[in-house]
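S.K.: Structure below; questions to follow.
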Amino acid sequence: MGMRGRKRWISCLVLTALVASVHRTAGSAAPSGPNMLEIEAEAAPNLPGITEVLTASDGPLSSPSPANEVRGHERTHTEAEEKEEGGPLGMDLQKLEERRRRRGAWGMRRHAATVEATAYRLAGLGRPLAGWKRHNGKKQQTGALMSVLKELHTEKSRLLDAEQNTGAKKGEEEEEEEDEEEDDDDEDDDDEEEEEEEEEEEEEEEEEEEEEEEEEEEEGEEEEEGEEEEEGTEVPSNKTESLAGFNSSLPEACQTTNGMISCRGLGLTHLPIISDLEVTQLDLAENNISHVAPAALSALSRLEVLDLGRNQLGDESLGPDTLRNLTSLKKLSLEGNQLTRIPAALPSSLAELKMNHNKLDSLTPHSFTGLVNLVSLELREASLDDTTVSPSALEALESVQELHLEGNRLRSVPRGLPTALQVLGISNNLIEEVTKEALSACVHLKKLDLSHNQLQDEAIASKAWVKLTALESLDLSNNHLGSIPTNLPRSLLHLTIQHNAITHIPAFSFRHLQPGLRSLRLSHNALGDRGVEHVSLVGTYRSLTELELDDNGLTVVPRSIRQFKNLQTLRLDGNQIRTVKKWALCPPRNSGSSLSSLHLENNLLRVDQLPPKAFSCLPDPQGLVLHPQRGHVRPDML
């Protein structure tokens, strides 16, 4: 065997002893660990001389004794020998020893594996026979010194055979020089490889730790997702919904002009993000919005008009703070939704509130608390009746001037109407009577609509209108009245009593009116020729501008018609008039006539028998309506 072969063999033996010593050290640090290196007894006969080498190498490299003083003495002795040798092996052992002190039981076992891998590379045996593997969250080390010894024995036989077959062609001095150079190169390469291997081992350890942390995080996330799924679908919190309901940019289809944004009829399910905080009008009507978070509108401090009509809003869709911060809001529309009560905490700045076409089940004294500036309230077709409207529910509306209750199921005029009320719409209900007290507080009322109810003559108190000193318009059409109500307010200007059963207009019924009626609509009644006397319309001759007597069974034009000085529109259509006398409509010389629209269609007129110039007082022929009639109008009649 040459010098080179002997050196390799000696290196292998030393490294083998080093591996055994380090593994024993790891075993003493963690005696209960799952990783041990055992030497079977049968290895001794196969490899003679190994036992002596191992015994000799156990001194400086064996694991320290349990006693602290002996361990410190052996460590100091070993470090002194390594410093004296000054070789790379000593430096490596010193580094390994320092790392061993910094690590715990787990680190010692990992460190032993590193040393084992280094020994295999220095011996030219490749990677260890068995490495570290993950199994059920634990680290297990596998490897047997017997296998290492067998590999070393095979390597020894191979080197001996190679030495004998090759022969020494050069002198021992050249071989020694080459061996020294190669050993130096090998040692340098081995040092570099050892450092790289240590770095790789540390990187692998860090990667394994990161993988464990990621697995723990993934398990935590899966648990959280499971909890969320178990909780089911809950209404999002205000902050989440704000920007739940408030989590998409403004659609391009929305129109924006001069501080106004209109997203009407776009099928939106939530409020878009409004980046323009200076907007004053926001139209979101005719969409599918079902929830409005408080934060969705709170930043729009200058918003004055908000339309949320015809959406899918319910009582829980608007929280107590949703609209509170809109301190500039003046007009709010919530009509056409599914609300059963007036939303709470509406801004005190509100002047107009529309709640039409909802399903309100109650109006209480607290429904309108704080709305001190409200002037217009619309509750059309809101499912209200006498039982759902509290007697004092409307008393809090001290500033309301316009109240609409049309299309409900009220049987009487609600009590406690606001004293500032100027317009009251209560048509299309089931009202059967008007008492003296019903409207006594409405001293400022100007327009009253009681049409399409169940009123009869005796159901209206004789003094029901006495306190209405400012009333200008009264609509009693589509009821069951048989005569003109008495004691009408003096200030009345427009009286509508269409579609009733009135048969007679009493004499001087309107004489007390000042400045007098301007329009009188009596169409679709049963007056007949006797129902309108010569003195029935006294007090209206100078003031009346519109008179409707269509569909009343008249056979002639009433004599009093030509007495009107300012009449502009006259409807006599739908009667049974057979002829028009010469001066019945136009007085002699057309003095004082202002008639501009005359309806005589759907009568029994024989146009060819009408007197000449019967309609000469009409300045415009287009204002005369005679169709459908039999015959035609002769040119000389115009």
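The sequence shown runs -27 to -1, 1 to 611 under mature numbering (1 follows the signal peptide of the UniProt record, and there is no 0). Every residue, glycine too, gets a C-beta built ideally from N, C-alpha and C. All values derive from a computational prediction rather than experimental measurement.
Nearest to Leu312 by CA position, among Gln427, Ser263, Arg503 and Glu225, is which residue?
M.R.: Indexing the sequence shown from 1 puts residue 312 at position 339. If we check each option's Cα against that of Leu312, Ser263 comes out closest.
S.K.: Taking the straight line between their C-alpha atoms, what separation do you get for Thr361 and Phe341?
M.R.: For the purposes of this step, residue 361 is taken as residue 388 along the sequence shown, with counting starting at 1. For the purposes of this step, residue 341 is taken as residue 368 along the sequence shown, with counting starting at 1. Distance between Thr361 and Phe341, taken at the CA atoms: about 15 Å.
S.K.: Measuring only the C-alpha atoms, how far is Arg353 from Gly292?
M.R.: Within the sequence shown, numbered from 1, the residue matching residue 353 stands at position 380. Within the sequence shown, numbered from 1, the residue matching residue 292 stands at position 319. Taking the straight line joining both Cα atoms gives about 24 Å.
S.K.: In this structure, does DSSP put Asp134 in helix, strand or coil?
M.R.: Start at 1 with the first residue of the sequence shown, and residue 134 comes out as number 161. It is helical.
S.K.: Identify which residue in Ala258, Glu251 and Leu403 has its Cα closest to the Cα of Cys236.
M.R.: Here the question's residue 236 lines up with position 263 in the sequence shown. Nearest option by C-alpha distance: Ala258.
S.K.: Can you tell me where the beta strand (DSSP E) with Leu571 in it begins and where it stops?
M.R.: As a first step, residue 571 is located in the sequence shown; it is residue number 598 there, counting from the start. Start and end: Ser570 to His572.
S.K.: Considering just the uninterrupted stretch of the beta strand (DSSP E) at Glu468, what are its terminal residues?
M.R.: Mapped onto the sequence shown, residue 468 falls at position 495. Here residue 468 is Leu; the residue named in the question, Glu, does not match the sequence. First-last of the beta strand (DSSP E) with Leu468: His467 to Thr469.
S.K.: So His467 and Arg491 are in contact, right, with Cβ under 8 Å, and what is the actual spacing, rounded?
M.R.: Here residue 467 corresponds to residue number 494 of the sequence shown, with the count starting at 1. Here residue 491 corresponds to residue number 518 of the sequence shown, with the count starting at 1. So it is a contact: roughly 6 Å between Cβ atoms.
S.K.: Is Thr459 closer than 8 Å to Ser435 when the C-beta atoms are compared?
M.R.: Position 462 of the sequence shown, counted from the first residue, corresponds to residue 435. Position 486 of the sequence shown, counted from the first residue, corresponds to residue 459. Cβ distance < 8 Å, so Ser435 and Thr459 count as in contact.
S.K.: Identify which residue in Ala414, Leu370 and Asp288 has its Cα closest to the Cα of Asn331.
M.R.: Here residue 331 refers to the residue found at position 358 when the sequence shown is read from its first residue. For Asn331, the closest C-alpha among the options Ala414, Leu370 and Asp288 is that of Asp288.
S.K.: Can you tell me whether Val580 is helix, strand or coil according to DSSP?
M.R.: As a position in the sequence shown, residue 580 is number 607, starting the count at 1. Helix.
S.K.: I'd like the span of the alpha helix (DSSP H) that includes Leu421, first residue to last.
M.R.: Numbered from its first residue, the sequence shown carries residue 421 at position 448. From DSSP, Leu421 is part of no alpha helix (DSSP H) but of the beta strand (DSSP E) over Lys420 to Asp422.
S.K.: Please report the Cβ distance between Leu357 and Val373, rounded to the nearest whole angstrom; I am assuming they are in contact, meaning their Cβ atoms lie under 8 Å.
M.R.: Residue mapping note: residue 357 aligns to position 384 of the sequence shown, counting from 1. Residue mapping note: residue 373 aligns to position 400 of the sequence shown, counting from 1. Wrong, their Cβ atoms sit about 16 Å apart, outside the cutoff.
S.K.: Is the shortest distance between the beta-carbon of Gly512 and the beta-carbons of chain C less than 8 Å?
M.R.: Any reference to chain C falls outside this structure, which holds one protein chain only.
S.K.: So, are the CB atoms of Ser222 and Ile246 less than 8 Å apart?
M.R.: As a first step, residue 222 must be located in the sequence shown, where it is residue number 249. As a first step, residue 246 must be located in the sequence shown, where it is residue number 273. Yes, these two residues count as a Cβ contact at 8 Å.
S.K.: Please report how far the alpha carbon of Leu370 lies from the alpha carbon of Glu410, in whole angstroms.
M.R.: Taking the first residue of the sequence shown as 1, we reach residue 370 at position 397. Taking the first residue of the sequence shown as 1, we reach residue 410 at position 437. If you take the alpha carbons of Leu370 and Glu410, they lie about 19 Å apart.
S.K.: Would you mind sorting Val386 into buried or exposed? The rule is 16 or more other CB atoms within 10 Å of its CB.
M.R.: For this step, residue 386 is matched to residue 413 along the sequence shown. Around the Cβ of Val386, a 10 Å sphere holds 16 or more other Cβ atoms; the residue is buried.
S.K.: Looking at Pro338 and Ser363, is the spacing between their C-beta atoms short of 8 Å?
M.R.: What you label residue 363 is simply residue 390 of the sequence shown in a count that begins at 1. What you label residue 338 is simply residue 365 of the sequence shown in a count that begins at 1. Cβ atoms of Ser363 and Pro338: closer than 8 Å.
S.K.: May I have a chain-ordered list of the beta strand (DSSP E) segments no shorter than 3 residues that lie completely inside the stretch 342 to 399?
M.R.: When DSSP assignments are scanned along the stretch 342 to 399, the uninterrupted stretches of beta strand (DSSP E) that are 3 or more residues long and fall wholly within it turn out to be 349 to 351, 375 to 377 and 396 to 398.
S.K.: Could you pull the start and end residues of the beta strand (DSSP E) that Leu520 belongs to?
M.R.: If you number the sequence shown from 1, residue 520 lands on position 547. Start and end: Glu519 to Glu521.
S.K.: Just mark Lys233 as buried or exposed, buried being the case when its beta carbon has 16 or more other beta carbons within 10 Å.
M.R.: The count along the sequence shown starts at 1 and reaches residue 233 at position 260. The amino acid occupying residue 233 in the given sequence is Met; Lys does not appear at that position. By the neighbour-count rule (16 or more Cβ atoms within 10 Å), Met233 is not buried but exposed.
S.K.: I'd like to know whether the C-beta atoms of Pro462 and Leu428 end up nearer to each other than 8 Å.
M.R.: Reading the sequence shown from its first residue, position 489 is the one you call residue 462. Reading the sequence shown from its first residue, position 455 is the one you call residue 428. Going by C-beta atoms, Pro462 is not nearer than 8 Å to Leu428.
S.K.: Between which residues of its own chain and Pro601 is the CB-CB distance below 8 Å, once the five residues before and five after are set aside?
M.R.: For the purposes of this step, residue 601 is taken as residue 628 along the sequence shown, with counting starting at 1. Residues Glu574 and Asn575 of the same chain have their beta carbon placed closer than 8 Å to that of Pro601, with the five preceding and five following residues left out of the count.
S.K.: So which of Glu445, Lys304, Leu347 and Ala355 has the shortest CA-CA distance to Asn329?
M.R.: Here residue 329 refers to the residue found at position 356 of the sequence shown. Looking at Glu445, Lys304, Leu347 and Ala355, the one whose alpha-carbon comes closest to that of Asn329 is Ala355.
S.K.: In whole angstroms, what separates the C-alpha of Gly343 from that of Leu333?
M.R.: Here residue 343 corresponds to residue number 370 of the sequence shown, with the count starting at 1. Here residue 333 corresponds to residue number 360 of the sequence shown, with the count starting at 1. When rounded, the distance between both Cα atoms is 19 Å.
S.K.: Once you ignore the five residues that flank Lys419 on each side, which residues in its own chain have a CB closer than 8 Å to its CB?
M.R.: Within the sequence shown, residue 419 is the residue found at index 446, counting from 1. Cβ within range, chain order: Gln395, Val396, Ala443, Leu444, Glu445 and Ser446.
S.K.: At what residues does the beta strand (DSSP E) containing Leu543 begin and finish?
M.R.: Locating residue 543 in the sequence shown gives position 570, counting from the first residue. Membership of Leu543 in the beta strand (DSSP E) is indicated by the continuous run Thr542 to Arg544.
S.K.: How many angstroms separate the CA atom of Gly309 from the CA atom of Gly489?
M.R.: What you label residue 309 is simply residue 336 of the sequence shown in a count that begins at 1. What you label residue 489 is simply residue 516 of the sequence shown in a count that begins at 1. Roughly 41 Å separates the two Cα atoms.
S.K.: DSSP three-state call for Thr442: helix, strand or coil?
M.R.: Reading the sequence shown from its first residue, position 469 is the one you call residue 442. Thr442 falls in the coil class under three-state DSSP.
S.K.: Excluding sequence positions up to five away, which residues of its chain have a Cβ less than 6 Å from the Cβ of Asn539?
M.R.: Position 566 of the sequence shown holds residue 539. The answer, listed in chain order, is Thr518 and Ser567.
S.K.: For Thr127, does the three-state DSSP call read helix, strand or coil?
M.R.: By one-based count along the sequence shown, residue 127 stands at place 154. Three-state result, Thr127: helix.
S.K.: Roughly how many angstroms lie between the CA atoms of Ile315 and Leu326, to the nearest whole one?
M.R.: Taking the sequence shown and counting its residues from 1, the one referred to as residue 315 is at position 342. Taking the sequence shown and counting its residues from 1, the one referred to as residue 326 is at position 353. For Ile315 and Leu326, the distance between alpha carbons rounds to 10 Å.
S.K.: Assuming Arg579 and Pro560 make a contact with CB atoms under 8 Å, what is their CB distance in whole Å?
M.R.: As a first step, residue 579 is located in the sequence shown; it is residue number 606 there, counting from the start. As a first step, residue 560 is located in the sequence shown; it is residue number 587 there, counting from the start. Their Cβ separation, rounded to whole angstroms, is 24 Å, which puts Arg579 and Pro560 out of contact at 8 Å.
S.K.: How would you call Val508, buried or exposed, if buried means at least 16 neighbouring beta carbons within 10 angstroms?
M.R.: As a position in the sequence shown, residue 508 is number 535, starting the count at 1. Counting Cβ neighbours within 10 Å, Val508 comes out exposed, since fewer than 16 surround it.
S.K.: Sorted by chain position, which residues of the same chain lie with C-beta nearer than 6 Å to Val598's C-beta, five sequence neighbours on each side aside?
M.R.: In the sequence shown, counting from the first residue as 1, residue 598 sits at position 625. So the list reads His572 and Glu574, once near-sequence residues are dropped.
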